[in-house]
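Worksheet: the structure to be examined is printed underneath.
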Amino acid sequence: MNSVVNTGAAPVATPFFFYFLAGAAIVSGLLVITRRNAVHSALSLIVTLLSVAGLYLMLYAPFVAGVQIIVYAGGIMVLFLFVIMLVNIERSAKDRQFNRIWPVGLAAACALLSLFVSAFVKGRNLFPDRLVALQESSNTQQIAAMLYGEAGRMGPYTFAFEIASLLLLVAILGAVIMTKKKI
Amino acid sequence: MKDSMDELSNGAVSHLDLETPEKPYLDANELIINMGPQHPATHGVLRVILKLDGEKVLGTECVIGYLHRGVEKIAENRTYTMFNPYVDRMDYVAAVSNGLGYCEAVEKLLNVEAPPRAQYIRVVLTELNRIASHQLWLGTHALDIGAMTPLFYTFRDREEILKIFERYCGARLTTHAFRIGGCQYETYAGFEKDVKNFLAFFPPKIDEYEALLTSNRIWLERTKNVGVISGKDCIALGVTGPVLRASGVKWDLRKAQPYAAYSKFDFEIPVGENGDTYDRYMVRMIEMRQSLRIIEQAVNGIPEGPIMGKVPKVIKPPVGEIYHSIEAPKGELGYFIVSDGSTQPYRVRVRPPSFVNLQALDIMVRGMLVADVVAVIGTLDIVLGEVDR
Amino acid sequence: MAEESKPLVPPTPEGEKKPAAEKPAAAPATASPAAPAKPPAPPATAKPAAPAKPTGPVPLPWTSPLVEKYRRQYGSGIDALTYLGQNYLNVDRSLIPDILRLLRDEEQFDYCVDITAVHYPKRERQFDVVWILYSFPRNERLRVKTQIADGASIPSVVSIWPTANWLEREVYDMFGIQFDGHPDLKRILLPDGWKGHPLRKDYGILQQDKEWVQVNLGIESGQ
Amino acid sequence: MLNAFMSYLGSTVPPGNADNQLWALIYVLIIFAGVSLAVVAMNWIERKALAHFQIRLGPMRVGPHGLLQPIADALKLMLKEDIIPAQADAVVFWVAPLIGLLAAFTVYTVIPFGPSQAVSDMNIGILFMLGVSSLGVLGIITAGWASNSHYPLIGALRSSAQMVSYEVAMGLAIVSALLMTSLNRTGTGTLSMIGIVEAQQQQGVWFIFKFFPLGLIAFVIFAIAMIAETNRAPFDLPEAESELTAGFHTEYSGLRWSLFMLGEYAAMIAVSSIAVTLWLGGWMRPFPNLLTGSAWDFIFSLFPGLTFAGLAAIAFIGTARMPAQAYFRIQRIGLAVFAALLGLIALLLLAIAVAGRTNDASIAGRFREGIDYVYWFVLKVAVFMYLFIWYRATWPRYRFDQLMRVGWKVMLPISLGVLILTAIVGVLIS
């Protein structure tokens, strides 16, 4: 994995950090689905998200890493915990976590895995051999260009981005209507 | 607890407007929180069991009695004179008022009256004590709402009053200032000067408290429309004192049924409008100023003469019973004394204002937030020594 | 009824002397003879003096439109007296809820100051229950009293004055008087498991204290 | 070795970006120790200042004027029994204070005390800081939940709602400051903390005064939100003493509790540093573009030494004013030694200022420059710290619904409006 070409700083012990982060992500990901205590699961999920943020950093995508931390680890997971804390942990811990449709779940997981593997095998030549050295300082700008467009032109994802924000607005309104009886 | 509250909200107290907070839309578990008896804001050993929906209070139940010392039982085993110091230990921040109520009640039973000089001294000391009590209330109330600093200011100024007490009778808190039939001691040399110094010293200090709180936005938000109680509810629940007056009922025993020398002084009764925590705050602040007015008139007019009335050495009231009440800083403090003709009271019943006022806590905090419970406990100005006796 | 209760209300010196005399008798019976000798001593010395001076003001009959009105309505069940300028009604127990409700509704006694009781163990009807009322519009106080026997219950006035809730609980706690119709009649100042009712004259303080230390501290006596 | 370090002193890039991991590590340690020391000092200052607001003396017994009180406190806390409630979730209970502490300290990796006096000049500095500081709430939530008790739970719920709400207004206020960084020739702004300060230098104005009053409003919003973020009075609802006894750390004691306190004060210093960086020109001395020239540089470089000289003078006066009784002798000596120490530091700083006045390339010159930067930065942060204490002494506590209302209905619309206006004004000007 030590194939990253770097212009400025030379990262230290890159393979170590990669395996460390990947291992942490996998282990904590497994903990998420095996812990019976929902709060423990949520905390494990936070570790997973942070590890993934670290991996983004290693891919020279600091902006995505930062957003990952802010939005997922900092925002969404806090709300998750907020809700989970109010759930009766004692009761939910006693419930069987793996219910009867687990074979279906296993099958779905296997299918997904085989999809990934086949995509990786078949499209091997689509993946770059080595990561292109990104200009770290322009990373944020590039994302902006992708999302909002540049110099008067729409970026490739502008439409999707706007649609997504509209969707979120609808979700917000729905949440307000659901929780408030009279507005 | 639930039963009692249902009873309260149905039929039993139909004329009391007990609004049950609307049921939560999402299914949420009710949270039972035990506030006290060890809690920084319950002013002693009050225990309040709160039923919460999130932060909203659905109902409360007060558990009291942690400070119960059986004062009424003690009275039956002491002579009238021996019992006098015990009353100081009930509302220990207004010991002088307690003593005044008890002494006057026994005097009434004996059918004697304290001489004018004693009456005036009593008024001066009792009003000083009212200010001290209100100062303590203000400091702790502000602390409950999160303002730390007023506590220290009020304690600094309360010190001046306690110094006068100390010079007068040697005690600062449990003063035992009065005797049945008059005063315990003749005023010390310079008593009047000390009191007059205090009269000059204190008004700027009230302004100082008010500068910190009265128009403070957060203070206003925390106290306006918090713990509202109507005058009607106050009367139905027997709530007296500044709480009653803040709800718009202009009733003060010092005016309604004057005792001691109060009929000779000119003062006003402050009245609130909304019956919320802010009005109670304002009423007490004005009361402090009015107390200063009374003290000024009293200390300038202390007549010469004896300080003790014609009371026998052994106090042995004739058979009979009497109820006498005074306006203590917290409300109507009454003594119901039954005499069997012996030297010991057959029965002494204390009608404690804090005890009765505390009953209003429940309807004042229903539907409000946890933080308001603390504010309302503070604004009721309870002293657990008096609630539990 | 009135004839029966009348001598009891303004307690005569003879009637009053008895509880005082009874006390020293009760205390040694419950406590060890050596230790409690002191507390009952003062009443013992006071006792001979008490009947010697039956002087002082005597409760006088009291008449007013209010009294006349209710006396017409209820007859002899009401006895109106005044003592040292304080008026009180002595009412038969059977009239209690009606009279109190009428006092609030018709006579504007809208504020129940206090409810309490007094224990006279030598009497047939051991308890005086006292309601102290006040009228804001009239600026007037009135006491209403009734006599009930030990174990008898009395109607609750919580529906008349909500403030009676805790006050009645305290009376129940201290005297063991039952209030019918009280929403939540339980002890208020003492712990739920408390034995006895302390303000009864026959309640042995020392006995209670000794039992407590024996059970909880494992010592003979805390005195 | 010494030469290596000295070369980094003169380097224009922060240690983390200077291709020397050892130097970065040392820098991290220096900052960690410095922040810990600052927290200890802050502890003493807060107790003393709060006491003086409230007409009392504060700690007076341990050391002269209670100077050793923080040490005594730390010792006491470390020696206290470590209690984990029987019904608590032990692992989470154990981890919770560490989360808060780590989050608070990690923020310091991007805070620039000077153009090269930072652990690293991260490209996404401010974003990183927002993200990491938003993790701090996890410590509070987990602490509240793991205690398995009602008061901490309510405290945790309050704090999570509070921090999530105020983060929004805080973020928008930050964005309006970031917009201002893009008002240059290329039209590209920066998220780098060092870049933000340099942008202020280029534009010749602190962002608090930029587009007056837009910058000021954004700054005030941030200043309010940062109090809420650090759970300080009047927004200290999560630990509202009079309501929730101690809020989320009710069940904590001893060392664990002190970790929470350490985290809280570290977070206070961190958010103050961010405010200073974004709006108050970071490490820059007053009027760096106006009062230029080596003479002015020299005058301003005297300030650190003079400050310490002033502190030493105060300490000496305190020594002289101590009662001349045998009882106070040790305290007198202690205070005199402390004053002498301060005086020595003052002399050292003045000597460096004088020695480095001519040649910026010399070691003394580099030292002087570095001290200057750190001094002005710390001075600005100290003002905020004082404000934190002042607020605490003055204001009552908000109620929860009021807090939420202020957050969502007042701060959020205002910050949105300021953001939009800033963008419009920025476009119009450029």
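Chains as they are written, first to last, in this note's numbering: chain A, 1 to 183; chain B, 1001 to 1389; chain C, 2001 to 2223; chain D, 3001 to 3430. Think of the CB as a built atom: it goes at the ideal place given N, C-alpha and C, for glycine as much as any other residue.
query                                                                                                                           : result
Classification of B:Arg-1389 by the beta-carbon crowding that lies within 10 angstroms, buried from 16 upward                   : buried
A:Lys-156 versus D:Gly-3125: straight-line alpha-carbon distance, rounded                                                       : Looking at the sequence shown, residue 156 of chain A is not Lys but Pro. About 27 Å.
Between the CA atoms of C:Thr-2146 and C:Val-2129 - distance to the nearest angstrom                                            : 5 Å
CA-to-CA distance, B:Arg-1217 to D:Ala-3233, given in whole angstroms                                                           : 14 Å
Residue from B:Glu-1268, B:His-1039, B:Arg-1047, B:Glu-1030 with nearest C-alpha to B:Asp-1362                                  : B:Arg-1047
Sequence-distant residues of its chain with Cβ nearer than 7 Å to D:Ser-3165 (five each side left out)                          : Met-3404, Gly-3407, Trp-3408
Any C-beta of chain B under 8 Å from that of D:Phe-3400                                                                         : yes
Min CB distance B:Phe-1201 to chain D below 8 Å                                                                                 : no
Inter-stretch contact (C-beta, 8 Å, three-pair minimum) for the region 1037-1054 of chain B and the region 1147-1154 of chain B : no
Closer than 8 Å to chain C by CB, B:Asn-1129                                                                                    : no
B:Asn-1077 versus B:Val-1348, B:Asn-1357, B:Leu-1369, B:Pro-1353, residue with shortest Cα-Cα distance                          : B:Val-1348
Buried versus exposed call for D:Trp-3437 [16 or more other C-beta atoms within 10 Å across all chains shown]                   : Given that chain D is displayed from residue 3001 to residue 3430, the structure contains no residue 3437 of chain D and the question cannot be resolved.
Reduced DSSP category for C:Thr-2082 - H, G, I as helix; E, B as strand; rest coil                                              : strand
Rounded distance between the beta-carbons of B:Glu-1287 and B:His-1134, thought under 8 Å                                       : 6 Å
Cβ pair C:Gln-2178, B:Tyr-1323 closer than 8 Å                                                                                  : no
Straight-line Cα distance separating B:His-1039 from B:Asn-1010                                                                 : With a pLDDT of only 36 at B:Asn-1010, under the threshold of 50, the placement of this residue in the model should not be trusted; the figure read from the coordinates follows. Rounded to the nearest angstrom, the two C-alpha atoms are 32 Å apart.
contact_flag[the region 1236-1255 of chain B, the region 1299-1319 of chain B] where n(CB pairs < 8 Å) is 3 or more             : no
Chain D contact for A:Gly-174 (CB, 8 Å cutoff)                                                                                  : no
Within chain B, partners of D:Gln-3117 - CB distance below 8 Å                                                                  : Near D:Gln-3117 there are no residues of chain B at all, since even the closest Cβ is about 37 Å away, more than 8 Å.
Segment contact, 8 Å Cβ cut-off, at least three pairs: the region 1083-1096 of chain B with the region 1167-1180 of chain B     : yes
Spatial distance of A:Arg-36 from A:Ile-26 (CA atoms)                                                                           : 18 Å
Min CB distance C:Leu-2190 to chain B below 8 Å                                                                                 : yes
DSSP bridge partner residues for C:Gln-2147 (one or two, in chain order)                                                        : C:Asp-2128
Below-8 Å beta-carbon distance, C:Ala-2020 vs any chain B residue                                                               : Caution applies to C:Ala-2020, whose pLDDT of 38 falls short of 50 and renders its modelled position unreliable; the model cannot decide the point.
Between the CA atoms of D:Gln-3402 and B:Leu-1031 - distance to the nearest angstrom                                            : 22 Å
Counterpart residues of B:Asp-1053 in DSSP-defined beta bridges                                                                 : B:Lys-1056
Under the three-state DSSP convention, the category B:Ala-1328 falls into                                                       : strand
Test: A:Phe-18 CB closer than 8 Å to a CB of chain D                                                                            : no
Separation of D:Ala-3096 from A:Met-85, as counted between CA atoms                                                             : 15 Å
At least three beta-carbon pairs within less than 8 Å, the region 1288-1297 of chain B to the region 1262-1271 of chain B       : yes
Any C-beta of chain A under 8 Å from that of D:Phe-3128                                                                         : yes
D:Ser-3147 in three-state terms, based on DSSP                                                                                  : coil
Within chain D, the residues that A:Ile-69 reaches when beta carbons sit closer than 9 Å                                        : Leu-3127, Phe-3128, Leu-3130, Gly-3131, Val-3132, Ser-3134, Leu-3135
Closest by C-alpha distance to C:Gly-2181, when choosing among C:Pro-2097, C:Arg-2071, C:Pro-2191                               : C:Pro-2097
Three-state class that DSSP yields for D:Ser-3430 in the structure shown                                                        : coil
Alpha-carbon spacing of D:Met-3261 relative to D:Ser-3272, whole angstroms                                                      : 17 Å
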